[in-house]
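Reviewing the structure listed below.
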Amino acid sequence: MRDTAVAADVKSHLRLLRIASFASSLSTVLFVELASTLPLFDSSPRVVLPLDATRSLLKSLASPLLRWDAFHFAHIARSGYVYEHEWAFFPGTPLVMKAITYLFRLVGMYRIPEEGYQSWESVLLGGSLAVLLLSSTTTLYHLTLHHTSSPSIALLASLLSLLPSSPITLHVAAYTEPFFTYLSYKGMLFCARSQWFHAACCFAVAAFPPSIYTYVQAKYWNVGFLHYWSPQQLPNFLISAPVLVLLILSSAHYIKHALLPHLLAVISSAPQTPTTRSPFLSESLAPHAIHALILSLLLLLASHTQIVLRLAASMPFTYWAAARLVIERPTWGARWTTWSVVWGAVAIVLWAAFLPPA
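Okay, so the sequence shown: first residue is 130 according to our numbering, each after it adds one.
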């Protein structure tokens, strides 16, 4: 009887998440299109997709997507890797953009110009369509349910994932993050179910970098240990602080209250007294907590720190930590949720106006 009730809950939760995910993506698209009427800090999109009498609907829709790394991904999709610095960008996203463009051509929606290049608007909209078709939310639900055995916690964590710290790059724009997040979640779920081959395939596709990736990152983006620690980067550290604090403190909490006691008990061979513990301290979460701590420290010490706003979504531990705050520390949970909503809106406006953070 209980299994039947749980199955019914799961089914209704998944239906709710699909509706909520669609609503979240739609609201993000509408918001960024509205915010794109703001003056641009950098006029590059107007040069590539000029405002003129012949401006098509496709150009109007694609223009708000042409910001920051999208320039590089779209150029690679159109022309391949031409410049050395472009090797800092993984090839998967441009391949998807190009593939969707060819699908547009096959169904008669778009004709490739005589010079053989896809247009900027076609690759941008193709990549965006691929992003909109991804469903990381339901995968996160299944992964959370596997680790916590709680449909309510799985639903809460999944709903919180619809309030990412970088909504544009996760829900709309053709960036690496939405594909990486989707494949990472799938790989983690396959691992949890002991489907090792499928997991290996997902992880291999998610994180296959160009051979000179590290060299290009160091040369053109000055990536290295403490290279980013300068006074002029203080604003980027401040806007990244909420996510970094959540990840570091939550992973440290798990290690202190779950991992270390277990290791000490194993070393001392002392019998463990069964206790009722929080589902957020499940032993199966150990790899996620360790990974979250290591990646957070790497982003803090040896990267452009603000990219944690984009990469945090690829770690399910982010939303498990947020769910724990909502349940066990309601005041802090409310503060996190409020920050997520406010910062998400601000991030969309900054993106539309071509303002940092990237």
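Yeah, the Cβ is synthetic: ideal placement off N, Cα and C, and Gly gets one too.
Computed from a predicted model, the values in this text were never measured in an experiment.
What residue does the alpha helix (DSSP H) around residue i start on, and which one ends it?
i, result
"N351", "From DSSP, N351 is part of no alpha helix (DSSP H); its letter is neither H nor E."
"G221", "G221 to L235"
"S251", "W249 to L262"
"V455", "P445 to E457"
"L207", "Per the sequence presented here, residue 207 reads as Arg, with Leu not at that position. R207 -> alpha helix (DSSP H) spans D198 to S208."
"F366", "L363 to Y383"
"A191", "L186 to A191"
"Y270", "S265 to T277"
Kindly indicate which three-state DSSP category residue i falls into: helix, strand or coil?
i, result
"Q435", "helix"
"Y304", "coil"
"E243", "The predicted model places E243 with a pLDDT of 46, which falls under 50 and marks its position as unreliable, so this point remains unresolved."
"L484", "coil"
"L292", "coil"
"A335", "helix"
"W468", "helix"
"V211", "coil"
"L195", "coil"
"F218", "coil"
"Q324", "coil"
"W358", "coil"
Applying the 10 Å Cβ sphere with the 16-neighbour rule, what's the burial state of residue i?
i, result
"W465", "buried"
"E457", "exposed"
"P223", "buried"
"G209", "exposed"
"Y311", "buried"
"W358", "exposed"
"I205", "buried"
"E244", "Unreliable positioning characterises E244 in this predicted model, as indicated by a pLDDT of 46, which lies under 50. The coordinate reading is nonetheless provided below. Counting Cβ neighbours within 10 Å, E244 comes out exposed, since fewer than 16 surround it."
"F151", "exposed"
"S290", "buried"
"G353", "exposed"
"L194", "buried"
"I396", "exposed"
"P364", "exposed"
"T460", "exposed"
"L429", "buried"
"L284", "buried"
"E213", "exposed"
"S323", "exposed"
"F409", "buried"
Determine whether the Cβ of residue i lies closer than 8 Å to any Cβ atom of chain C.
i, result
"L186", "Reference to chain C is not applicable here, since this structure consists of a single protein chain."
Using 7 Å as the cut-off, classify the Cβ of residue i as near or not near the heavy atoms of the ligand FAD, replying yes or no.
i, result
"D138", "This structure lacks the ligand FAD; in fact it carries no ligand of any kind."
Alpha helix (DSSP H) runs contained entirely in the stretch 131 to 179, provided each spans 4 or more residues: Counting whole runs of 4 or more residues, the stretch 131 to 179 contains the alpha helix (DSSP H) stretches 131 to 164 and 173 to 177.
Beta strand (DSSP E) segments (min. 3 residues) lying fully within the stretch 393 to 427: Look at the stretch 393 to 427 and you find no whole run of beta strand (DSSP E) that is 3 residues long or longer.
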